[in-house]
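Okay, so here's the structure we're looking at.
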Amino acid sequence: MIALVRRAAPSQGWTYAAPILAVFLTMIVGAALFAALGQDPVVTIRTIFYDPLFSEFAWFYRPQLLVKGAPLVLIAIGLSFGFRAGVWNIGAEGQYIIGALAGAAVGLALYPMENRLIFPLMVLAGALGGWAWAMIPAVLRVRFGTNEILVSLMLVYVAEQLLASMALGAMRNPEGMGFPGSRNLAQYPSAANLELIAGSGMHWGVVAAFIAVIFAYIMLTRHVFGFQVRLAGLAPRAAAFSGVSPGGLILVCMGISGALAGLAGLFEVAGPAGQVSIDFNVGYGFTAIIVAFLGRLHPVGILLAGGLMALTYIGGEIAQSQLGLPAAAIQLLQGMLLFFLLAVDVLTHYRVRFGKGAEA
(Lines of atoms letter the chains of each structure in order from A and count residues from 1; the text may use other names and numbers.)
(Lines give C-alpha, C1' and ligand atoms only; values in the text may rest on other atoms or scores of the structure.)
Protein backbone atom coordinates (compact mmCIF):
# COMPACT_ATOMS: atom_id res chain seq x y z
CA MET A 1 0.00 0.00 0.00
CA ILE A 2 1.05 3.57 -0.67
CA ALA A 3 -0.20 6.49 1.41
CA LEU A 4 0.53 10.18 1.83
CA VAL A 5 1.02 11.34 5.41
CA ARG A 6 0.95 15.07 6.07
CA ARG A 7 4.17 16.49 7.51
CA ALA A 8 3.83 18.27 10.84
CA ALA A 9 5.96 21.21 9.63
CA PRO A 10 6.91 21.42 5.94
CA SER A 11 10.49 22.57 5.32
CA GLN A 12 10.70 26.28 4.50
CA GLY A 13 13.78 25.58 2.41
CA TRP A 14 11.95 23.04 0.28
CA THR A 15 8.99 25.40 -0.04
CA TYR A 16 11.15 28.00 -1.77
CA ALA A 17 13.33 25.47 -3.60
CA ALA A 18 10.32 23.69 -5.13
CA PRO A 19 9.88 26.12 -8.08
CA ILE A 20 13.58 25.83 -8.96
CA LEU A 21 13.43 22.04 -8.81
CA ALA A 22 10.25 22.09 -10.93
CA VAL A 23 12.05 24.12 -13.59
CA PHE A 24 14.96 21.65 -13.71
CA LEU A 25 12.60 18.66 -13.88
CA THR A 26 10.72 20.38 -16.70
CA MET A 27 13.98 20.85 -18.60
CA ILE A 28 14.96 17.20 -18.14
CA VAL A 29 11.61 15.72 -19.16
CA GLY A 30 11.26 18.36 -21.90
CA ALA A 31 14.64 17.32 -23.30
CA ALA A 32 13.41 13.71 -23.45
CA LEU A 33 10.26 14.90 -25.21
CA PHE A 34 12.25 16.83 -27.80
CA ALA A 35 14.51 13.83 -28.35
CA ALA A 36 11.40 11.72 -29.03
CA LEU A 37 10.38 14.32 -31.62
CA GLY A 38 13.71 13.87 -33.41
CA GLN A 39 15.34 17.05 -32.09
CA ASP A 40 18.71 17.43 -30.41
CA PRO A 41 17.59 17.88 -26.77
CA VAL A 42 20.64 19.95 -25.76
CA VAL A 43 20.28 22.31 -28.71
CA THR A 44 16.51 22.66 -28.14
CA ILE A 45 16.80 23.44 -24.43
CA ARG A 46 19.60 25.92 -25.16
CA THR A 47 17.49 27.58 -27.86
CA ILE A 48 14.53 28.01 -25.53
CA PHE A 49 16.21 29.02 -22.27
CA TYR A 50 19.63 30.40 -23.27
CA ASP A 51 19.54 32.01 -26.70
CA PRO A 52 16.95 34.73 -25.93
CA LEU A 53 19.27 36.06 -23.20
CA PHE A 54 22.83 35.38 -24.32
CA SER A 55 22.97 34.61 -28.05
CA GLU A 56 24.32 37.07 -30.63
CA PHE A 57 20.73 38.19 -31.29
CA ALA A 58 19.87 38.63 -27.59
CA TRP A 59 19.79 42.42 -28.08
CA PHE A 60 16.72 41.81 -30.28
CA TYR A 61 15.02 39.25 -28.05
CA ARG A 62 15.54 40.80 -24.60
CA PRO A 63 13.01 43.65 -25.05
CA GLN A 64 10.44 40.97 -25.86
CA LEU A 65 10.80 39.67 -22.30
CA LEU A 66 9.10 42.85 -21.09
CA VAL A 67 6.48 42.70 -23.85
CA LYS A 68 5.58 39.05 -23.15
CA GLY A 69 6.09 39.16 -19.40
CA ALA A 70 4.06 42.30 -18.56
CA PRO A 71 0.56 40.87 -19.23
CA LEU A 72 1.47 37.62 -17.46
CA VAL A 73 2.67 39.44 -14.35
CA LEU A 74 -0.28 41.84 -14.36
CA ILE A 75 -2.85 39.04 -14.60
CA ALA A 76 -1.02 36.75 -12.15
CA ILE A 77 -0.81 39.48 -9.51
CA GLY A 78 -4.59 39.87 -9.67
CA LEU A 79 -5.15 36.12 -9.48
CA SER A 80 -2.84 35.80 -6.48
CA PHE A 81 -5.22 37.81 -4.26
CA GLY A 82 -8.07 35.40 -4.91
CA PHE A 83 -5.96 32.24 -4.81
CA ARG A 84 -4.55 33.24 -1.41
CA ALA A 85 -8.11 33.73 -0.12
CA GLY A 86 -9.42 30.49 -1.61
CA VAL A 87 -11.30 32.27 -4.41
CA TRP A 88 -10.58 30.48 -7.69
CA ASN A 89 -10.88 32.78 -10.68
CA ILE A 90 -10.01 30.57 -13.67
CA GLY A 91 -11.56 32.94 -16.20
CA ALA A 92 -8.89 35.64 -16.41
CA GLU A 93 -8.61 34.94 -20.14
CA GLY A 94 -12.18 36.12 -20.62
CA GLN A 95 -11.62 39.20 -18.47
CA TYR A 96 -8.49 39.93 -20.51
CA ILE A 97 -10.54 39.79 -23.73
CA ILE A 98 -13.39 41.96 -22.42
CA GLY A 99 -10.93 44.53 -21.07
CA ALA A 100 -9.32 44.73 -24.49
CA LEU A 101 -12.70 45.10 -26.21
CA ALA A 102 -13.91 47.78 -23.80
CA GLY A 103 -10.71 49.81 -24.06
CA ALA A 104 -10.49 49.44 -27.83
CA ALA A 105 -14.15 50.47 -28.16
CA VAL A 106 -13.34 53.84 -26.56
CA GLY A 107 -10.38 54.43 -28.85
CA LEU A 108 -12.24 53.39 -31.99
CA ALA A 109 -15.32 55.42 -31.07
CA LEU A 110 -13.21 58.59 -30.79
CA TYR A 111 -11.13 57.96 -33.94
CA PRO A 112 -9.59 60.11 -35.47
CA MET A 113 -9.84 62.69 -32.67
CA GLU A 114 -6.50 63.73 -31.19
CA ASN A 115 -6.59 64.25 -27.42
CA ARG A 116 -4.27 63.26 -24.57
CA LEU A 117 -7.22 62.04 -22.53
CA ILE A 118 -8.18 59.29 -24.98
CA PHE A 119 -5.59 56.75 -23.82
CA PRO A 120 -6.34 57.29 -20.09
CA LEU A 121 -10.04 56.80 -20.90
CA MET A 122 -9.16 53.57 -22.70
CA VAL A 123 -7.19 52.39 -19.66
CA LEU A 124 -10.15 53.13 -17.39
CA ALA A 125 -12.54 51.35 -19.77
CA GLY A 126 -10.24 48.32 -19.96
CA ALA A 127 -10.08 48.00 -16.18
CA LEU A 128 -13.85 48.44 -15.83
CA GLY A 129 -14.51 45.90 -18.58
CA GLY A 130 -12.39 43.23 -16.90
CA TRP A 131 -13.87 44.10 -13.51
CA ALA A 132 -17.46 43.84 -14.79
CA TRP A 133 -16.79 40.45 -16.40
CA ALA A 134 -15.25 39.14 -13.17
CA MET A 135 -18.23 40.39 -11.18
CA ILE A 136 -20.54 37.95 -12.96
CA PRO A 137 -19.10 34.80 -11.30
CA ALA A 138 -18.40 36.77 -8.10
CA VAL A 139 -22.00 37.93 -7.65
CA LEU A 140 -23.36 34.52 -8.61
CA ARG A 141 -21.08 32.90 -6.02
CA VAL A 142 -22.08 35.36 -3.26
CA ARG A 143 -25.79 35.51 -4.08
CA PHE A 144 -26.57 31.95 -5.22
CA GLY A 145 -23.57 29.89 -4.11
CA THR A 146 -22.51 28.90 -7.62
CA ASN A 147 -19.03 27.56 -8.33
CA GLU A 148 -16.84 30.45 -9.47
CA ILE A 149 -14.42 28.04 -11.16
CA LEU A 150 -17.04 26.74 -13.60
CA VAL A 151 -18.77 30.08 -14.18
CA SER A 152 -15.58 32.07 -14.78
CA LEU A 153 -14.22 29.36 -17.06
CA MET A 154 -17.42 29.14 -19.15
CA LEU A 155 -17.43 32.91 -19.52
CA VAL A 156 -14.09 32.63 -21.32
CA TYR A 157 -15.84 30.94 -24.24
CA VAL A 158 -18.55 33.61 -24.23
CA ALA A 159 -15.84 36.29 -24.35
CA GLU A 160 -14.11 34.51 -27.25
CA GLN A 161 -17.34 34.45 -29.25
CA LEU A 162 -17.90 38.12 -28.46
CA LEU A 163 -14.35 38.86 -29.63
CA ALA A 164 -15.00 37.10 -32.94
CA SER A 165 -18.29 38.95 -33.33
CA MET A 166 -16.63 42.33 -32.76
CA ALA A 167 -13.73 41.58 -35.10
CA LEU A 168 -16.17 40.59 -37.85
CA GLY A 169 -18.84 43.15 -37.09
CA ALA A 170 -19.08 46.32 -35.04
CA MET A 171 -15.33 46.90 -34.65
CA ARG A 172 -14.25 45.80 -38.12
CA ASN A 173 -12.12 48.33 -39.96
CA PRO A 174 -14.37 50.05 -42.54
CA GLU A 175 -11.28 50.61 -44.68
CA GLY A 176 -10.00 47.06 -44.26
CA MET A 177 -11.33 45.65 -47.56
CA GLY A 178 -13.72 43.35 -45.69
CA PHE A 179 -10.99 41.55 -43.74
CA PRO A 180 -11.75 40.81 -40.05
CA GLY A 181 -10.12 43.02 -37.46
CA SER A 182 -10.33 46.60 -36.25
CA ARG A 183 -8.26 49.62 -37.19
CA ASN A 184 -4.65 49.47 -36.07
CA LEU A 185 -4.67 51.28 -32.74
CA ALA A 186 -0.86 51.34 -32.67
CA GLN A 187 -1.00 53.76 -35.62
CA TYR A 188 -3.53 56.05 -33.90
CA PRO A 189 -1.29 58.32 -31.76
CA SER A 190 -3.90 59.21 -29.13
CA ALA A 191 -4.83 55.56 -28.56
CA ALA A 192 -1.47 53.85 -29.00
CA ASN A 193 0.45 52.16 -26.21
CA LEU A 194 3.86 52.94 -27.67
CA GLU A 195 7.33 52.22 -26.28
CA LEU A 196 8.40 54.78 -23.69
CA ILE A 197 12.07 54.16 -24.53
CA ALA A 198 12.75 53.19 -28.14
CA GLY A 199 13.98 49.62 -28.55
CA SER A 200 13.57 48.72 -24.87
CA GLY A 201 10.18 47.01 -24.98
CA MET A 202 9.08 49.29 -22.12
CA HIS A 203 5.50 50.50 -22.54
CA TRP A 204 2.75 51.54 -20.14
CA GLY A 205 1.71 47.93 -19.61
CA VAL A 206 5.19 47.14 -18.26
CA VAL A 207 4.98 50.16 -15.94
CA ALA A 208 1.57 49.00 -14.74
CA ALA A 209 2.95 45.50 -14.06
CA PHE A 210 5.74 46.88 -11.86
CA ILE A 211 3.27 49.14 -10.03
CA ALA A 212 0.97 46.13 -9.48
CA VAL A 213 3.86 44.16 -7.96
CA ILE A 214 4.65 46.99 -5.53
CA PHE A 215 0.96 47.52 -4.73
CA ALA A 216 0.38 43.81 -4.09
CA TYR A 217 3.47 43.52 -1.90
CA ILE A 218 2.34 46.42 0.30
CA MET A 219 -1.25 45.22 0.48
CA LEU A 220 -0.37 41.61 1.30
CA THR A 221 2.41 42.30 3.81
CA ARG A 222 1.69 45.70 5.33
CA HIS A 223 -2.09 46.13 5.23
CA VAL A 224 -4.95 44.58 7.19
CA PHE A 225 -6.56 43.51 3.91
CA GLY A 226 -3.60 41.24 3.23
CA PHE A 227 -4.01 39.67 6.67
CA GLN A 228 -7.70 39.06 5.95
CA VAL A 229 -6.86 37.47 2.61
CA ARG A 230 -4.28 35.12 4.15
CA LEU A 231 -6.56 34.26 7.06
CA ALA A 232 -9.48 33.47 4.75
CA GLY A 233 -7.30 31.14 2.74
CA LEU A 234 -5.74 29.33 5.71
CA ALA A 235 -8.70 29.23 8.10
CA PRO A 236 -12.05 30.32 6.61
CA ARG A 237 -14.00 29.69 9.82
CA ALA A 238 -11.52 31.70 11.89
CA ALA A 239 -11.74 34.50 9.33
CA ALA A 240 -15.54 34.57 9.64
CA PHE A 241 -15.34 34.66 13.45
CA SER A 242 -12.82 37.52 13.27
CA GLY A 243 -15.29 39.67 11.34
CA VAL A 244 -14.09 39.10 7.78
CA SER A 245 -17.04 39.12 5.37
CA PRO A 246 -16.65 36.09 3.06
CA GLY A 247 -18.92 37.61 0.41
CA GLY A 248 -17.17 40.97 0.50
CA LEU A 249 -13.77 39.31 0.21
CA ILE A 250 -14.90 37.33 -2.82
CA LEU A 251 -16.18 40.48 -4.54
CA VAL A 252 -12.99 42.44 -3.81
CA CYS A 253 -10.58 39.67 -4.84
CA MET A 254 -12.50 38.86 -8.02
CA GLY A 255 -12.76 42.57 -8.79
CA ILE A 256 -9.01 43.12 -8.43
CA SER A 257 -8.15 40.14 -10.61
CA GLY A 258 -10.70 41.12 -13.24
CA ALA A 259 -9.55 44.75 -13.37
CA LEU A 260 -5.87 43.81 -13.71
CA ALA A 261 -6.68 41.23 -16.40
CA GLY A 262 -8.72 43.86 -18.24
CA LEU A 263 -5.79 46.28 -18.03
CA ALA A 264 -3.48 43.64 -19.46
CA GLY A 265 -5.87 43.18 -22.37
CA LEU A 266 -6.09 46.92 -23.03
CA PHE A 267 -2.32 47.44 -22.97
CA GLU A 268 -1.90 44.50 -25.34
CA VAL A 269 -4.55 45.54 -27.87
CA ALA A 270 -3.29 49.14 -27.92
CA GLY A 271 0.34 48.13 -28.16
CA PRO A 272 1.97 44.83 -29.22
CA ALA A 273 -1.17 43.34 -30.81
CA GLY A 274 -2.35 46.68 -32.21
CA GLN A 275 -5.89 45.67 -33.12
CA VAL A 276 -8.93 43.66 -32.18
CA SER A 277 -8.70 40.42 -34.16
CA ILE A 278 -10.22 36.95 -34.03
CA ASP A 279 -6.98 35.46 -32.69
CA PHE A 280 -6.15 38.34 -30.35
CA ASN A 281 -6.14 36.20 -27.21
CA VAL A 282 -3.12 33.92 -27.00
CA GLY A 283 -3.76 32.22 -23.66
CA TYR A 284 -2.16 34.76 -21.33
CA GLY A 285 -5.04 34.38 -18.87
CA PHE A 286 -4.44 30.64 -18.52
CA THR A 287 -0.63 30.86 -18.54
CA ALA A 288 -0.85 33.46 -15.74
CA ILE A 289 -2.24 30.72 -13.47
CA ILE A 290 1.07 28.86 -13.88
CA VAL A 291 2.95 32.10 -13.25
CA ALA A 292 0.99 32.76 -10.05
CA PHE A 293 1.71 29.33 -8.56
CA LEU A 294 5.28 29.20 -9.83
CA GLY A 295 5.83 32.52 -8.06
CA ARG A 296 4.35 31.10 -4.84
CA LEU A 297 1.56 33.70 -4.98
CA HIS A 298 4.16 36.23 -3.82
CA PRO A 299 4.48 39.49 -5.82
CA VAL A 300 8.27 39.26 -6.23
CA GLY A 301 8.06 35.56 -7.05
CA ILE A 302 5.39 36.30 -9.65
CA LEU A 303 7.64 38.94 -11.22
CA LEU A 304 10.44 36.38 -11.60
CA ALA A 305 8.07 33.64 -12.76
CA GLY A 306 6.58 35.98 -15.35
CA GLY A 307 10.05 36.58 -16.75
CA LEU A 308 10.69 32.82 -16.91
CA MET A 309 7.40 32.12 -18.65
CA ALA A 310 8.05 34.99 -21.10
CA LEU A 311 11.37 33.31 -21.81
CA THR A 312 9.59 30.09 -22.81
CA TYR A 313 7.32 32.07 -25.15
CA ILE A 314 10.24 33.79 -26.88
CA GLY A 315 12.50 30.75 -26.87
CA GLY A 316 9.60 28.64 -28.12
CA GLU A 317 9.06 30.98 -31.06
CA ILE A 318 12.78 30.79 -31.88
CA ALA A 319 12.69 26.99 -31.66
CA GLN A 320 9.64 26.86 -33.93
CA SER A 321 11.27 29.03 -36.61
CA GLN A 322 14.81 27.63 -36.43
CA LEU A 323 14.26 24.01 -35.44
CA GLY A 324 10.76 23.36 -36.79
CA LEU A 325 9.48 22.47 -33.33
CA PRO A 326 5.64 22.29 -33.17
CA ALA A 327 3.87 24.95 -31.11
CA ALA A 328 2.07 22.22 -29.14
CA ALA A 329 5.42 21.02 -27.78
CA ILE A 330 6.06 24.44 -26.22
CA GLN A 331 2.58 24.49 -24.70
CA LEU A 332 3.24 21.02 -23.28
CA LEU A 333 6.51 22.27 -21.81
CA GLN A 334 4.65 25.10 -20.04
CA GLY A 335 2.04 22.66 -18.76
CA MET A 336 4.74 20.33 -17.43
CA LEU A 337 6.11 23.22 -15.41
CA LEU A 338 2.86 23.47 -13.44
CA PHE A 339 2.60 19.68 -13.15
CA PHE A 340 6.07 19.31 -11.65
CA LEU A 341 5.51 22.27 -9.34
CA LEU A 342 2.37 20.63 -7.95
CA ALA A 343 4.14 17.27 -7.71
CA VAL A 344 7.06 18.74 -5.77
CA ASP A 345 4.60 20.61 -3.56
CA VAL A 346 2.92 17.34 -2.63
CA LEU A 347 6.25 15.88 -1.51
CA THR A 348 6.99 19.10 0.39
CA HIS A 349 3.82 18.81 2.48
CA TYR A 350 3.41 15.01 2.61
CA ARG A 351 5.57 11.96 3.29
CA VAL A 352 5.16 8.87 1.10
CA ARG A 353 4.73 5.66 3.08
CA PHE A 354 4.88 2.15 1.66
CA GLY A 355 3.82 -1.16 3.07
CA LYS A 356 0.96 -2.59 5.10
CA GLY A 357 1.16 0.11 7.74
CA ALA A 358 0.67 2.87 5.18
CA GLU A 359 -3.09 2.93 5.72
CA ALA A 360 -2.66 3.88 9.35
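If you're matching positions, the sequence shown starts at -16 in the working numbering and goes up one per residue. Every residue gets a Cβ at the ideal spot worked out from N, C-alpha and C, and that includes glycine.
Buried versus exposed call for residue 183 [16 or more other C-beta atoms within 10 Å across all chains shown]: As a first step, residue 183 must be located in the sequence shown, where it is residue number 200. So residue 183 ends up on the exposed side.
Does the Cβ-Cβ distance between residue 313 and residue 30 come in under 8 Å? Translated into positions along the sequence shown, residue 313 becomes position 330. Translated into positions along the sequence shown, residue 30 becomes position 47. Going by C-beta atoms, residue 313 is not nearer than 8 Å to residue 30.
7 Å CB neighbourhood of residue 50 in its chain, flanking five on each side removed: Position 67 of the sequence shown, counting from 1, holds the residue named residue 50. If we look at residue 50 and ignore the five residues flanking it on each side, its Cβ neighbours are 184 and 255.
Straight-line CA distance for residue 323 to residue 74? By one-based count along the sequence shown, residue 323 stands at place 340. By one-based count along the sequence shown, residue 74 stands at place 91. If you take the alpha carbons of residue 323 and residue 74, they lie about 23 Å apart.
I'd like to know if the stretch 267 to 277 and the stretch 29 to 45 are in contact, where contact means that at least 3 CB-CB pairs between them fall below 8 Å. no
Cβ contact check for the stretch 159 to 166 and the stretch 8 to 27: 3 or more pairs under 8 Å: no
Integer Cβ distance of residue 244 from residue 79, believed to fall under 8 Å: Start at 1 with the first residue of the sequence shown, and residue 244 comes out as number 261. Start at 1 with the first residue of the sequence shown, and residue 79 comes out as number 96. Taking the Cβ atoms as the reference, residue 244 lies roughly 5 Å from residue 79, within the contact range of under 8 Å.
With a Cβ-Cβ cutoff of 8 Å, do residue 237 and residue 117 count as a contact? The residue you call residue 237 lines up with position 254 of the sequence shown. The residue you call residue 117 lines up with position 134 of the sequence shown. Cβ atoms of residue 237 and residue 117: closer than 8 Å.
Might you give, ordered along the chain, the residues of its own chain that have their beta carbon closer than 6 Å to the beta carbon of residue -3, omitting 5 neighbours on each side? Sequence index remark: in the sequence shown, residue -3 carries index 14 (1-based). So the qualifying residues of the chain are 331.
In chain order, which continuous runs of the alpha helix (DSSP H) of length 4 or greater are located wholly inside the stretch 148 to 220? 187 to 205 and 207 to 217
Excluding the five sequence neighbours on either side, which residues of its own chain have a C-beta within less than 6 Å of the C-beta of residue 97, listed in chain order? Residue numbering aside, residue 97 sits at position 114 when the sequence shown is read from its first letter. Hits under 6 Å: 173.
Could you tell me the alpha carbon to alpha carbon distance between residue 33 and residue 299, rounded to whole angstroms? By 1-based counting over the sequence shown, the position of residue 33 is 50. By 1-based counting over the sequence shown, the position of residue 299 is 316. Just so you know, the alpha carbons of residue 33 and residue 299 end up roughly 11 Å apart.
I'd like the list of long-range same chain contacts for residue 9, defined as Cβ closer than 6 Å, with 5 residues on each side in sequence excluded. Looking up residue 9 in the sequence shown gives position 26. Result list for residue 9: 319, 320 and 323, in chain order.
Can you pull the DSSP bridge partners for residue 297? On the sequence shown, residue 297 is found 314 positions in, with the first residue counted as 1. Answer by DSSP bridge pairing: none, since residue 297 is not bridged.
Short of 8 Å in beta carbon distance, which residues of its chain neighbour residue 217, apart from the five on each side in sequence? Order them along the chain. Against the sequence shown, residue 217 aligns to sequence position 234. Here residue 217 has no same chain residue with a Cβ atom under 8 Å from its own Cβ, once five neighbours each way along the sequence are excluded.
If you run the structure through DSSP and keep just helix, strand and coil, what is residue 343? Walking along the sequence shown from the start, residue 343 turns up at place 360. No answer about residue 343 holds up, because its pLDDT of 47 lies below 50 and its placement is not dependable.
In angstroms with no decimal places, state the Cα-to-Cα distance between residue 134 and residue 120. Locating residue 134 in the sequence shown gives position 151, where the first residue counts as 1. Locating residue 120 in the sequence shown gives position 137, where the first residue counts as 1. One C-alpha to the other measures close to 6 Å.
What are the boundary residues of the beta strand (DSSP E) that residue -11 is part of? Taking the sequence shown and counting its residues from 1, one reaches residue -11 at position 6. Element bounds for residue -11: -15 to -11.
Are there 16 or more other CB atoms within 10 angstroms of the CB of residue 343, so buried, or fewer, so exposed? Reading the sequence shown from its first residue, position 360 is the one you call residue 343. With a pLDDT of 47 at residue 343, under the threshold of 50, the predicted position of this residue should be treated as unreliable, and no value is reported.
Proximal residues to residue -1 (C-beta, below 8 Å), its chain only, five neighbours per side dropped: Residue -1 sits at position 16 when you count from the first residue of the sequence shown. These residues qualify, in order along the chain: 279.
Below 8 Å, how does it come out for the stretch 81 to 89 and the stretch 302 to 309: are there three or more Cβ pairs, yes or no? no
Which residue or residues does DSSP assign as beta-bridge partners of residue -1? The sequence position of residue -1 within the sequence shown is 16, counting from 1. Answer by DSSP bridge pairing: none, since residue -1 is not bridged.
Between the CA atoms of residue 93 and residue 1 - distance to the nearest angstrom: Taking the first residue of the sequence shown as position 1, residue 1 is located at position 18. Taking the first residue of the sequence shown as position 1, residue 93 is located at position 110. Rounded to the nearest whole angstrom, the CA to CA distance from residue 1 to residue 93 is 49 Å.
In the structure shown, what three-state DSSP assignment does residue 227 receive? Reading the sequence shown from its first residue, position 244 is the one you call residue 227. Looking at residue 227 - three-state DSSP - the assignment turns out to be coil, as it is neither helix nor strand.
For residue 279, which three-state DSSP category applies? On the sequence shown, position 296 is the one that residue 279 refers to. In this structure, residue 279 counts as coil in the three-state DSSP scheme.
Quick check on DSSP: helix, strand or coil for residue 327? By one-based count along the sequence shown, residue 327 stands at place 344. In the structure shown, residue 327 sits in a helix (DSSP, three-state: H, G or I).
Using the Cα positions of residue 158 and residue 263, report the straight-line distance between them to the nearest angstrom. As a position in the sequence shown, residue 158 is number 175, starting the count at 1. As a position in the sequence shown, residue 263 is number 280, starting the count at 1. Taking the straight line from one Cα to the other gives about 20 Å.
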